[in-house]
Each structure stands twice: as structure tokens, then as C-alpha cells.
Amino acid sequence: MMIELTEDTLNPEKITELVRRDTNGSVITFLGTTRDNFEGKTVLTLEYEAFDEMAVKKLEEVRQELMAEFGLEQVAISHRIGTVGIGEISLVVAIGSPHRKEGFNACQKAVDRIKEVIPIWKKEVYQDGSRWVACEDHEFSPEQASGQGHSH
Amino acid sequence: MMIELTEDTLNPEKITELVRRDTNGSVITFLGTTRDNFEGKTVLTLEYEAFDEMAVKKLEEVRQELMAEFGLEQVAISHRIGTVGIGEISLVVAIGSPHRKEGFNACQKAVDRIKEVIPIWKKEVYQDGSRWVACEDHEFSPEQASGQGHSH
Amino acid sequence: MELNVRLFALYRERAGKNIVTVAVADGATVSDLTDEVRRQIPNLAPPEVKIVVAVNTDYADSEVVLQPGDDVCLIPPVSGG
Amino acid sequence: MELNVRLFALYRERAGKNIVTVAVADGATVSDLTDEVRRQIPNLAPPEVKIVVAVNTDYADSEVVLQPGDDVCLIPPVSGG
């Protein structure tokens, strides 16, 4: 499965294997792991919620876009949902390519696009509350400021 | 071991584990894998030779440079030497960082630097001969053309 | 027509429910729908924030005309990865 | 002084040996040494190719002055990765 949305622990080795070929010289893997802190607050755990049908569809669209743009054939994306403990892997993007340059470019773009367009939401749970995170690339948008203000 | 030069099969999972931290949100891994072809010729196997003492020293220098330049703490590099079969992993670079941007930049630069400065040489073995490869970034240098002419 | 609008994450929590049923005129657009949802759930999002809508699992511009039976979902700012 | 110069990979194969012993004057530089090696092994590298030298496991410029006992290695174009 080149696209996966799952409540199970992600297995980066298995996902990386999917994109290895004898014709390829490069495999780039991104692991997104959950951090134990946000602006000095200790994060206890995270909850990922997805609009499942649309998330899978959009992940496949991102995958097809990347393959077309960078001339790639091996792109695998797995996103975990549900409760994810600290230090665990929430996202794996693995790109196999003949040469590394397009692999690095495609991997970076994949992560950017995933954070922009996939309907998945992350909630950080603290000792004294929780917060729906907005995309880190829009960290100071009015929506996120409002999101923070309303978190409970 | 954050630097490794070994004749054993590389273990990307183990190397990736070395750079994971609960304070990090990103792990970027590059796997260099041996390709089965060069300009239409079938490659049967590869031989990596190293000037061991200097290679380990230079790998550590590259690691320190990257950590300083990108403000990183988790950088692991493993290079395989000896006979490496087709599709096997010859190089692993793993970078753990709080955010992904510096991880991607550092990983790309690490591979570039490794290919420029580490005294390791790759020989492609074909059905009818062999060739010492020059760095792919200098693919058409006079030295390499001469290298090809002299291969046997 | 009546549409069952699905809410996720932040919007679900603010609304206190998964689904809000909204009545809009025939020929209503996505923008008409979000206006109506805002009337029903004033605390859903601050006025300066554009509410993003997916219709039949694709992002839909505010001028898109809704059809009976459309799967309409409100998409708060995403934070996957 | 005499120096045992180590050869790797392409240079080792062209020379047909791991080590070449080279006599150079006291105060000789890296460049003097590579000139002498080229005289002994004319097919080591074409004249237009600069032979890269490591002295005591660091790359050394052509003006570096050699000392007795230096670990001198000739480094053909690298191709790690």
C-alpha cells in the first residue's frame, strides 16, 4: 500500500522497503515524530483525527502530483491517526529515485503539501488542558490564534 | 556509534533510532543503494575500498560541520565497504532535528560532502570488466574519462 | 433543501456535535451555507476566519452551488504530519 | 629522505602495488613528491590531472613541506556514497 491511514504503530522499515528498487540509487525517508513540548509546555500525548475518506483521497492526489512533477515512480505515504504517544511516529514519507536530488525535493514538497491540504487535525494534550494545533506553517494566523484562545 | 565504516550489512533502523529524541519532530534518512546499471551496462556487484583511518576522521569532521552549521545534535552516518550486492545499502545518513527544514538541508549537504571529501572508492563490476567510479558530480572530468579508459 | 453538514476536530468541539443540519434555499452556494452555519453556531469561528468547506471530499470554493444530497464537511485549519 | 607512499583504488591498480617508496630531498614539498611518483609510475595519472595527496590523514596542498616519517597517501577521485 503506497498510501496508508492507520491507527496502528507505523513501520518505517516496511514503508521504506516499498520504494526500494535495484534501478534506484536513493531512498529518502521523512519521519514525523511527536514532540514532548510546545512553547515550554509539556505535551503528554497527541490525538490525531482525520476526515478519513477525503484524507486518503488527498494523500493519493499529493502522491500523484509528486510523481508527475519529479518524474518518480516510488512514493509511499503513511499517516497515523488516533492516540499517538510522545516520540512516536505520526507520518512516514518514503521516496525512491534513481538519483537523490529529485528524492530530496519531492520528499520536502510531500511533507509541505501534506501539512497544507490533508484533512487531519492534531490535538496536543497537556496536564491542564489541550489544544488543536494549526499547521506549523501558519503558526500566527488569526485562526490559530483563535484556536489557541478557545482551546480547553 | 554516530560514525560507522563497516563491511557488514547496514541497518538503517538501528541508525535511525540513534537520532530519535522526544524533543525532535523530524527524522530525515538518506539511503544510498547500489544500482544495477550504468549507461546501459549491467552492474553485477560493487566493491567499496576506503582509506579507513582518514575516512572515519573525515566522516566525523563532516558530522561536526553539519551540527555546527545547522544547529543540530543528532547526526549519524554509516558507510559500508567491501563487496556490496545490487540493491543493497552502501550509505545511511540520519538526521534528527526539532523541525524538518534544517534536517532536510543538513541531510542533503551531508551526502554532497561525503561524496566530495571522504576517501572511499567504488568499483562497478560488469560481466566483461570493471570501472572505478568517479564522484557522480564530476562525471565528465578528465580523470574519470581516463579512469574509464584504463578500467579492466 | 436540508443538508447534514459534518464537523471535525476544533469545529466539532466548538459546536458540541458531529453533524449540524442546515436548511438553505435551492441554488444556495457554499458561502450561503457557511453564513447559515455561523448563524446557528456563532462561536464556530471568528468572523475574520474563512470557514473552509469540502463538498463530496473535495475542497469547494465559496461560489460552488450545492445540490441535495451533497456530502458537506467543514474543515478547520489542518495540522497533519 | 625516503617516504613510503600508499596508493588506493585506481592508483593502486595502475601501479600494480599498494606502496611505492620515493626518495625526495629534505625540504621537499607535496608537489615535488608527486613529480617523483609520476616519474616512477608514468601511467598513474594523465599529465592534466592533479594528483591529490593526504599527509597524516589530512588533504595537503602542493606547497606543504614533507617531514621524515610522514604518512603520505595518494587519493584518486573519490566516489563514496
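Chains as they are written, first to last, in this note's numbering: chain A, 863 to 1014; chain B, 863 to 1014; chain C, 34 to 114; chain D, 34 to 114.
C-beta: ideal position from N, C-alpha, C; glycine also.
Of the candidates C:D65, C:A93, C:G60 and C:L43, the residue whose Cα lies closest to the Cα of C:P101 is C:G60. By the C-beta criterion, the segment 948-958 of chain A is judged to be in contact with the segment 879-888 of chain A, since at least 3 inter-stretch pairs fall below 8 Å. Scanning its chain for C-beta atoms nearer than 6 Å, with the 5 sequence neighbours on each side dropped, one finds around C:T67 the residues I84, in chain order. With contact defined as three or more Cβ pairs closer than 8 Å, the segment 937-948 of chain A and the segment 870-884 of chain A are in contact. Residue contact with chain B for D:G49: absent (no Cβ-Cβ distance below 9 Å to any residue of chain B).
About 5 Å separates the beta carbon of B:T896 from that of B:V946, a gap short enough to meet the 8 Å contact definition. For B:S952, the nearest beta carbon of chain D is closer than 9 Å to its own beta carbon.
Chain B has a Cβ within less than 9 Å of the Cβ of A:V973.
Residue pairing by DSSP puts A:I939 in a beta bridge opposite A:I865 and A:V955. Under the Cβ distance rule, A:L893 counts among the residues neighbouring chain B, one pair being separated by less than 9 Å.
The bridge partners DSSP lists for A:T891 are A:A956 and B:T891.
Excluding the 5 residues flanking it on each side, B:L880 has same chain C-beta neighbours closer than 6 Å at A938, in chain order. In this chain, the alpha helix (DSSP H) harbouring A:L921 covers D914 to F932. One thing to note: C:L43 has its Cβ no nearer than 9 Å to the Cβ of C:V105. A straight-line Cα-Cα distance of about 40 Å links C:I52 and A:L934. As DSSP reads the structure, D:V85 sits in a beta bridge with D:I108. When only Cα atoms are considered, C:M34 and C:V55 end up about 8 Å apart.
9 Å or more divides the Cβ of C:L99 from the Cβ of C:V70. A:S952 is positioned such that its CB atom lies closer than 9 Å to that of A:Y910. With respect to the C-alpha of D:V111, the residue from B:E927, B:V918, B:K876 and B:I976 having the closest C-alpha is B:I976. The beta carbon of B:K984 sits closer than 7 Å to those of L908, Y910 and V995, all from its chain and outside the five residues before and after it, given in chain order. In the structure shown, A:K984 adopts extended strand secondary structure according to DSSP, grouped into three states. Taking the beta carbon of D:S112 as reference, the chain B residues within 8 Å of it are K977, I982, W983, K984, W994, V995, A996, C997 and E998, listed in sequence order. Take the alpha-carbon of B:F913 and the one of B:L921: they are about 12 Å apart. In this structure, the alpha-carbon of B:V979 lies about 19 Å from that of D:A78.
One alpha carbon belongs to D:Y92, the other to D:V86, and they sit about 6 Å apart. Sequence-distant partners of A:V918 (beyond 5 residues in either direction) whose C-beta falls short of 7 Å from its own C-beta, in its chain, are I865 and L867. C:V97 and C:V57 have their C-alpha atoms spaced approximately 14 Å apart. In its chain, beyond the 5 residues on either side, D103 and D104 have a beta carbon closer than 8 Å to the beta carbon of D:N89. The C-beta of A:H941 comes closer than 9 Å to at least one C-beta of chain C. For D:N37, DSSP records a beta bridge to D:T54.
Counting along the chain, the unbroken beta strand (DSSP E) around C:D91 starts and ends at D91 to A93.
Here the alpha carbons of D:G49 and D:F41 stand approximately 10 Å from one another. Within 7 Å of the CB of A:E922, no CB atom of chain C is found; the nearest one sits about 11 Å away.
For B:N873, the secondary structure class from DSSP, reduced to helix, strand or coil, is coil. No Cβ-Cβ contact shorter than 9 Å links B:T904 with A:L893.
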